[in-house]
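Protein sequences appear in the order of chains A and B. With the UniProt record's numbering, the residue at position 176 of the first sequence is 176, and numbering never jumps. With the UniProt record's numbering, the residue at position 258 of the second sequence is 258, and numbering never jumps. Read the structure below first, then the notes.
Protein chains: 2
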Amino acid sequence: MAEKPIRFGIIGCADIARKLSRAITLAPNAELSAVASRSLDKASAFAKANNFPPSAKIYGSYEDLLDDPEIDAVYVPLPTSLHVKWACLVAQKKKHILLEKPVGLNVTELDKIVEACEANGVQIMDGTMWIHNPRTHKMKEFLNDKERFGELKNMHSCFTFAGDEDFLKNDIRVKSDLDALGALGDAGWYGIRSILWAVDYELPKTVTALPGPVLNEAGVILSCGAALHWEDGKVATFHCSFLAHLTMDITAIGTAGTLHLNDFIIPFGEKEASFTTVSKSGFTDLVTGWVPVPSQHTVTTDLPQEACMVTEFARLVGNIKANGAKPDPKWPSISRKTQLILDAVTTSIAQGSKPVEI
Amino acid sequence: MAEKPIRFGIIGCADIARKLSRAITLAPNAELSAVASRSLDKASAFAKANNFPPSAKIYGSYEDLLDDPEIDAVYVPLPTSLHVKWACLVAQKKKHILLEKPVGLNVTELDKIVEACEANGVQIMDGTMWIHNPRTHKMKEFLNDKERFGELKNMHSCFTFAGDEDFLKNDIRVKSDLDALGALGDAGWYGIRSILWAVDYELPKTVTALPGPVLNEAGVILSCGAALHWEDGKVATFHCSFLAHLTMDITAIGTAGTLHLNDFIIPFGEKEASFTTVSKSGFTDLVTGWVPVPSQHTVTTDLPQEACMVTEFARLVGNIKANGAKPDPKWPSISRKTQLILDAVTTSIAQGSKPVEI
Chain A
1 MAEKPIRFGI
11 IGCADIARKL
21 SRAITLAPNA
31 ELSAVASRSL
41 DKASAFAKAN
51 NFPPSAKIYG
61 SYEDLLDDPE
71 IDAVYVPLPT
81 SLHVKWACLV
91 AQKKKHILLE
101 KPVGLNVTEL
111 DKIVEACEAN
121 GVQIMDGTMW
131 IHNPRTHKMK
141 EFLNDKERFG
151 ELKNMHSCFT
161 FAGDEDFLKN
171 DIRVKSDLDA
181 LGALGDAGWY
191 GIRSILWAVD
201 YELPKTVTAL
211 PGPVLNEAGV
221 ILSCGAALHW
231 EDGKVATFHC
241 SFLAHLTMDI
251 TAIGTAGTLH
261 LNDFIIPFGE
271 KEASFTTVSK
281 SGFTDLVTGW
291 VPVPSQHTVT
301 TDLPQEACMV
311 TEFARLVGNI
321 KANGAKPDPK
331 WPSISRKTQL
341 ILDAVTTSIA
351 QGSKPVEI
Chain B
1 MAEKPIRFGI
11 IGCADIARKL
21 SRAITLAPNA
31 ELSAVASRSL
41 DKASAFAKAN
51 NFPPSAKIYG
61 SYEDLLDDPE
71 IDAVYVPLPT
81 SLHVKWACLV
91 AQKKKHILLE
101 KPVGLNVTEL
111 DKIVEACEAN
121 GVQIMDGTMW
131 IHNPRTHKMK
141 EFLNDKERFG
151 ELKNMHSCFT
161 FAGDEDFLKN
171 DIRVKSDLDA
181 LGALGDAGWY
191 GIRSILWAVD
201 YELPKTVTAL
211 PGPVLNEAGV
221 ILSCGAALHW
231 EDGKVATFHC
241 SFLAHLTMDI
251 TAIGTAGTLH
261 LNDFIIPFGE
271 KEASFTTVSK
281 SGFTDLVTGW
291 VPVPSQHTVT
301 TDLPQEACMV
311 TEFARLVGNI
321 KANGAKPDPK
331 WPSISRKTQL
341 ILDAVTTSIA
351 QGSKPVEI
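Shown next, in the form of structure tokens:
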């Protein structure tokens, strides 16, 4: 790689920023150049704990980092309620943005961010890591295969984990002033994205919240689900929750085949990840077994998926910097569609599970 | 086994009766004693093709078989629309009934059948085979384990298979005068049963059809789904279809663990069947993997699940015959609850996916 690596700054020392720091270190075309916290001590401790190079700069305010001309791109792991303010500012400072999900509290906020990015010619990408895993590309080959998978008819996706007492009381994801979308924004984001991914980002006709959403006293969603329905008959459901054991499934059923996996967001292990497919299966003569049975496919990866994400983002940024390329509109487009469904789910919940037209 | 085997008659030569003939042959406490068809030739050919013993009787009418005093129990694989008539007649002839699912077109029909069974002191059991697989008992141990599984919070179940052109045109399961419940009765039955099984047959508070049911020109359901919701916050969804590739999943998520399997109705193979569990899993420090990862459990069985079903049914019948025991009310009770949810789904579909109170 002849080009200089993309210089990343991180604003905020959230837990997830530790993982991203490592990913930036691992990505061959990126480097950890700065971190900012509202406290200089905290930023300094974070840099030390996360193997920042000695050359990395430590800032005691987000603004100072954004004013640094030697930063190309900024990773924003702040609480969702702060995204619109800080992401717009990052864009205005002509820095490219890797933005944690959910991208905003609603699509209007995201539109402001994307507008700022477009006005300033910077790339934006949301922090959905699994989309960048090589396994995901292999799975998509299967879903796109008319022979092996056919046309998608039904899909179910879920992401749940059991927050402990401390989480359910104190985590920013249960606070109405920080991550007001709760489990929907944090966990449901992935289910919605996975469904959109499977249908090539074709928006559904209606979104209907499932009965029984659970909200905390502040009105933040702790558990919910929704059904998506397309004009051509496709149907999909997802469930997300902070109240049930760690589970992350995709089942995608086509006319000719089925895809299964149970670790779609965070693969069980980092170096290799699997999925299961079966095509044109049927029963033995007396319906006592399947022919063929499903088969497992394993995809190895040198880089963890979050480093693949950083690499791809840095590649786009590098292309803009070196070759004057345009930002890739695919990434804000799929962020927006995901957020649009999120908004429809909250609307449907507020209306007692009425279908919401998209 | 000192007691004489239970003598089975079969009325109707449906495809599924071939599987049950073998199961009756395999069950140590049952014997194939007679078969009836409206055509003597057909009954005779069926007996020959399905290894009936030379002593087995061949009848050219269902009534004649029911009048045979040497038959203890009757397997009824007739189209659903004929269940109420023939099952009531079987009971009146004091014969025990193994009744194919769905047990009736609605719960009123089943109630008539169960009333006839009670009045005549005969056992009734529906033909849901997977419930009798030893694997199912092992899975239930996991679901009942407060340490490993906790309290069930969410469940998803599906059963789909892709009927070909001939099936979608000619199979009895797409005919409004034969199996008017279509995919809901044939495939959805299993999803509903699996959900009820997981919650110890506690009925939900509401049942809501999911958007996008597909009906054929005669109004028979080809594809649909529903969401079930319990007062205590449990939620479950199922999907069933004749229009999508063979898939049969259970995902059951508790507060402390998760159960997965992808072949719950017909195990991939006959001799052994597996399921996957994971308990108290979490992420590695940087959220780059799971600890622990799920583990697979394999249960072997000498008898195929349908023979386990026949064995259990014959055991109950034998106990009634030999010891004057009462019929086990569990079996009609779980048939009824399954049918009740089925009815609620059809009502909700008819009302444009309005929630139906149970």
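Ideal Cβ placement from N, Cα and C applies to all residues, glycine included. Keep in mind it's a predicted model, so treat the numbers as computed, not measured.
*asked:* Please return the same chain residues whose Cβ sits closer than 8 Å to the Cβ of residue 1 of chain B, not counting the five positions on each side in sequence.
replied: Here the question's residue 1 of chain B lines up with position 1 in the second sequence. The pLDDT assigned to residue 1 of chain B is 46, lower than 50, so where the model puts this residue is not dependable; a value taken from the coordinates is nonetheless given after this. Here the set comprises 28 and 29.
*Under 8 Å between C-beta atoms, does residue 257 of chain B make it to chain A?*
Counting from 1 along the second sequence, the entry for residue 257 of chain B is found at position 257. Yes, because at least one Cβ of chain A sits closer than 8 Å to the Cβ of residue 257 of chain B.
*Could you give the residue range of the beta strand (DSSP E) that holds residue 36 of chain A?*
Residue 36 of chain A sits at position 36 when you count from the first residue of the first sequence. Per DSSP, residue 36 of chain A belongs to the beta strand (DSSP E) from 30 to 36.
_Does the CB of residue 244 of chain A have a neighbour CB from chain B at under 8 Å?_
As a working note, residue 244 of chain A is residue 244 in the first sequence. True, the Cβ-Cβ gap to chain B drops below 8 Å.
*Among all the DSSP beta bridges, which residues are the ones paired with residue 129 of chain B?*
To locate residue 129 of chain B, count along the second sequence from 1; it is residue 129. BP columns for residue 129 of chain B are empty, so no partner.
_Buried or exposed by the 16-neighbour rule on C-beta atoms within 10 Å, applied to residue 300 of chain B_ = For the purposes of this step, residue 300 of chain B is identified with residue 300 of the second sequence, where counting begins at 1. It counts as exposed.
*Between the beta-carbon of residue 36 of chain B and the beta-carbon of residue 75 of chain B, is there less than 8 Å?*
As a working mapping, residue 36 of chain B is identified with position 36 in the second sequence. As a working mapping, residue 75 of chain B is identified with position 75 in the second sequence. Not closer than 8 Å, so no.
_Contact between the stretch 250 to 267 of chain B and the stretch 218 to 231 of chain B is defined here as three or more beta-carbon pairs at a separation below 8 Å; is this criterion met?_
no
_Under 8 Å from the C-beta of residue 266 of chain A: neighbouring residues of chain B_ = Taking the first residue of the first sequence as 1, we reach residue 266 of chain A at position 266. Going along chain B in sequence order, the residues near residue 266 of chain A (Cβ under 8 Å) are 283, 287, 288, 289 and 290.
_Beta-carbon neighbours of residue 212 of chain A, restricted to chain C and to distances below 7 Å_ = Looking for chain C here will not work: the only protein chains present are A and B.
*Name, please, each residue of chain A whose Cβ falls closer than 7 Å to the Cβ of residue 162 of chain B.*
Here residue 162 of chain B refers to the residue found at position 162 when the second sequence is read from its first residue. Here the neighbours are 255.
*Sequence-distant residues of the same chain with beta carbon closer than 8 Å to residue 40 of chain A, five excluded per side*: Position 40 of the first sequence holds residue 40 of chain A. The residues are 58, 59 and 60.
*asked:* Just to confirm my understanding: we take residue 53 of chain A, look at its own chain, exclude 5 residues before and 5 after, and list those with CB closer than 8 Å. What are they?
replied: Your numbering for residue 53 of chain A matches position 53 in the first sequence. Taken in chain order, the residues that qualify are 31 and 32.
*In angstroms with no decimal places, state the Cα-to-Cα distance between residue 13 of chain A and residue 43 of chain A.*
Here residue 13 of chain A refers to the residue found at position 13 when the first sequence is read from its first residue. Here residue 43 of chain A refers to the residue found at position 43 when the first sequence is read from its first residue. For residue 13 of chain A and residue 43 of chain A, the distance between alpha carbons rounds to 7 Å.
*Using CA coordinates, which residue listed in B/143, B/80 and B/320 is at the minimum distance from residue 177 of chain B?*
Walking along the second sequence from the start, residue 177 of chain B turns up at place 177. Out of B/143, B/80 and B/320, B/80 has the C-alpha closest to the C-alpha of residue 177 of chain B.
_DSSP-derived helix/strand/coil call for residue 52 of chain B_ = The residue labelled residue 52 of chain B in the question sits at position 52 within the second sequence. Three-state result, residue 52 of chain B: coil.
_Cutoff 6 Å; reference residue 209 of chain B; Cβ partners in own chain excluding five residues on either side_ = Position 209 of the second sequence, counting from 1, holds the residue named residue 209 of chain B. 226, 345, 348, 349 and 353.
*DSSP on residue 178 of chain A, reduced to helix/strand/coil?*
One-based indexing of the first sequence puts residue 178 of chain A at position 178. Three-state result, residue 178 of chain A: coil.
*asked:* Our contact map puts residue 247 of chain B next to residue 251 of chain A with C-beta atoms below 8 Å; I'd like the distance itself, whole angstroms only.
replied: Along the second sequence, one-based indexing puts residue 247 of chain B at 247. Along the first sequence, one-based indexing puts residue 251 of chain A at 251. Yes, residue 247 of chain B and residue 251 of chain A are in contact; Cβ-Cβ is about 7 Å, under 8 Å.
_Give the list of continuous alpha helix (DSSP H) stretches no shorter than 4 residues that lie fully inside the stretch 134 to 221 of chain B._
134 to 143, 165 to 170 and 189 to 198
*asked:* Determine, for residue 225 of chain A, whether the minimum Cβ-Cβ distance to residues of chain B falls below 8 Å.
replied: The sequence position of residue 225 of chain A within the first sequence is 225, counting from 1. At least one chain B Cβ lies under 8 Å of residue 225 of chain A.
*asked:* Taking the beta carbon of residue 339 of chain B as the centre, do at least 16 other beta carbons fall within 10 Å, making it buried, or is it exposed?
replied: As a working mapping, residue 339 of chain B is identified with position 339 in the second sequence. Buried: at least 16 other Cβ atoms inside 10 Å.
*Thinking just about the alpha-carbon of each residue, which of A/17, A/5 and A/6 is nearest to the one in residue 306 of chain A?*
Translated into positions along the first sequence, residue 306 of chain A becomes position 306. Checked all of A/17, A/5 and A/6; the closest Cα to residue 306 of chain A is A/17.
_If you reduce the DSSP assignment to three classes, tell me which class residue 40 of chain A lands in._
To locate residue 40 of chain A, count along the first sequence from 1; it is residue 40. Helix, per DSSP.
*Are residue 132 of chain B and residue 312 of chain B closer than 8 Å when you measure CB to CB?*
The sequence position of residue 132 of chain B within the second sequence is 132, counting from 1. The sequence position of residue 312 of chain B within the second sequence is 312, counting from 1. Yes, the Cβ-Cβ distance between residue 132 of chain B and residue 312 of chain B is below 8 Å.
_Status (buried if at least 16 other CB within 10 Å, exposed otherwise) for residue 166 of chain A_ = Taking the first residue of the first sequence as 1, we reach residue 166 of chain A at position 166. Label assigned to residue 166 of chain A: exposed.
*asked:* Please tell me whether residue 238 of chain B and residue 182 of chain B are closer than 8 Å, where the distance is taken between their beta carbons.
replied: Counting from one through the second sequence, the residue named residue 238 of chain B turns up at place 238. Counting from one through the second sequence, the residue named residue 182 of chain B turns up at place 182. Not in contact: residue 238 of chain B and residue 182 of chain B (Cβ atoms no closer than 8 Å).
*asked:* Is it buried or exposed, residue 281 of chain A, if we count other Cβ atoms within 10 angstroms and call 16 or more buried?
replied: On the first sequence, residue 281 of chain A is found 281 positions in, with the first residue counted as 1. Buried, because 16 or more other Cβ atoms sit within 10 Å of the Cβ of residue 281 of chain A.
*Classify residue 302 of chain B as buried or exposed, calling it buried when 16 or more other Cβ atoms lie within 10 Å of its own Cβ.*
Residue 302 of chain B sits at position 302 when you count from the first residue of the second sequence. Result: exposed.
*What in chain B is Cβ-close to residue 293 of chain A, meaning under 7 Å?*
As a first step, residue 293 of chain A must be located in the first sequence, where it is residue number 293. Within chain B, the residues near residue 293 of chain A are 268.
_Contact list for residue 179 of chain B against chain A, beta-carbon separation under 8 Å_ = In the second sequence, counting from the first residue as 1, residue 179 of chain B sits at position 179. Here the premise fails: no neighbours, minimum Cβ distance about 17 Å.
*asked:* For a contact defined as C-beta to C-beta under 9 Å, what are the partners of residue 96 of chain A on chain B?
replied: For the purposes of this step, residue 96 of chain A is taken as the residue at position 96 of the first sequence. Residues of chain B passing the Cβ test: none, with the nearest at roughly 24 Å.
*Specify whether the stretch 259 to 278 of chain A and the stretch 311 to 325 of chain B touch according to this definition: at least 3 beta carbon pairs, one from each stretch, less than 8 Å apart.*
no
_chain A residues whose Cβ lies nearer than 7 Å to that of residue 153 of chain B_ = For the purposes of this step, residue 153 of chain B is identified with residue 153 of the second sequence, where counting begins at 1. Those within 7 Å of residue 153 of chain B in chain A are 241, 243 and 244.
*Can you name the start and end residues of the beta strand (DSSP E) that residue 57 of chain A belongs to?*
On the first sequence, position 57 is the one that residue 57 of chain A refers to. Where residue 57 of chain A is concerned, the enclosing beta strand (DSSP E) stretches over 57 to 59.
*Closest Cβ-Cβ distance between residue 301 of chain A and chain B: below 8 Å?*
Stepping through the first sequence from its first residue, residue 301 of chain A is reached at position 301. Chain B, which has no Cβ nearer than 8 Å to the Cβ of residue 301 of chain A, makes this no.
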